[in-house]
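Position one of the sequence shown corresponds to residue 12 (this note's numbering), numbered consecutively onward. In this text, a Cβ means the ideal position worked out from N, Cα and C, and glycines have one as well.
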Amino acid sequence: MLRGNFVDDEIIEIVPAILCKEAEEVAKKCAAVPSAPILQVDLMDGKFVENTTVGIEGLGALPREKIIEYHLMVKEPQKWIEKLPGGENSIFQVHAEGINEAQAKEIAALVRRKKSLLCWALNPPTPAGALEKIMQDAQEILVMGVHPGKSGQKYIFEVEGKIRQLREKYPDAIIEVDGGIDANTAPGAIRAGANRLVAASAIFSRKGPDEAYKGLKKLANDIK
């Protein structure tokens, strides 16, 4: 489903999440996981969530040969999408909360013009039905396993019911789960229907982040 040279749809992919306040941190974390074909960059404006992160000007170190997911935890996603790099290796993850049908179409048209992919993100309380009128323009779904804004939170197991509903309704979609993912929580998310998992603490809190990434990916793909 994903355009690009790095992703096999039959493989459960692990996506290292980069949540940084400084450009130097972004560069360091990107370099720490050379084996990962996809990276997620968390972008926060202090309005949609309380925290803030590095701005667009601090993303110069992102490796252009990799697929980059821009997780937009921001109030006005259109303005951010306009300024971020486009192309087939860019995925824009936009929260469905507070987006009406007209705004969704505007966002989808903007992403298409940038020749990129659109992913709708759902916070833990947001039901699967929130996508019913807007999913036709997206290729992916991001299910938050924690409340957005900080890394290191505990996984909310109840979101697995929503993952099952989404998998049943959108059998061909990429369903990604973000938040609280580690060796203990990955199996439940995958069995519920996720085919991509985002991890931050489980990778970057280890002495060898790239080895941690490889280990989590192997575990995810060994799940029956």
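Could you check the C-alpha separation between Gly69 and Pro198 for me, to the nearest Å?
34 Å
If contact is defined by three or more beta carbon pairs under 8 Å, each pair taking one atom from either stretch, is the segment 21-35 in contact with the segment 118-127?
no
So who's on the other strand from Asn103, going by DSSP bridges?
The sequence given here has Phe at residue 103, not Asn. DSSP output for Phe103 lists Tyr81 and Leu129 as bridge partner(s).
Per DSSP, cross-strand counterpart(s) of Glu24
Arg207
Ranges of the beta strand (DSSP E) found wholly within the segment 142-219, counting only runs of at least 3:
151-155, 185-189 and 207-210
Quick check: Gln237 and Leu177, are their CB atoms within less than 8 Å of each other?
With the chain represented from 12 up to 235, any question about residue 237 goes unanswered, as that position is not in the structure.
Could you spell out the range, first to last residue, of the beta strand (DSSP E) harbouring Val44?
Note, Val44: premise wrong, no beta strand (DSSP E); not H, not E.
Hey, out of Pro159, Phe103, Tyr181 and Gly160, whose CA is closest to Ala139's CA?
Tyr181
Where Ile29 falls: helix, strand or coil (DSSP):
strand
Is the beta carbon of Pro45 less than 8 Å from the beta carbon of Asp233?
no
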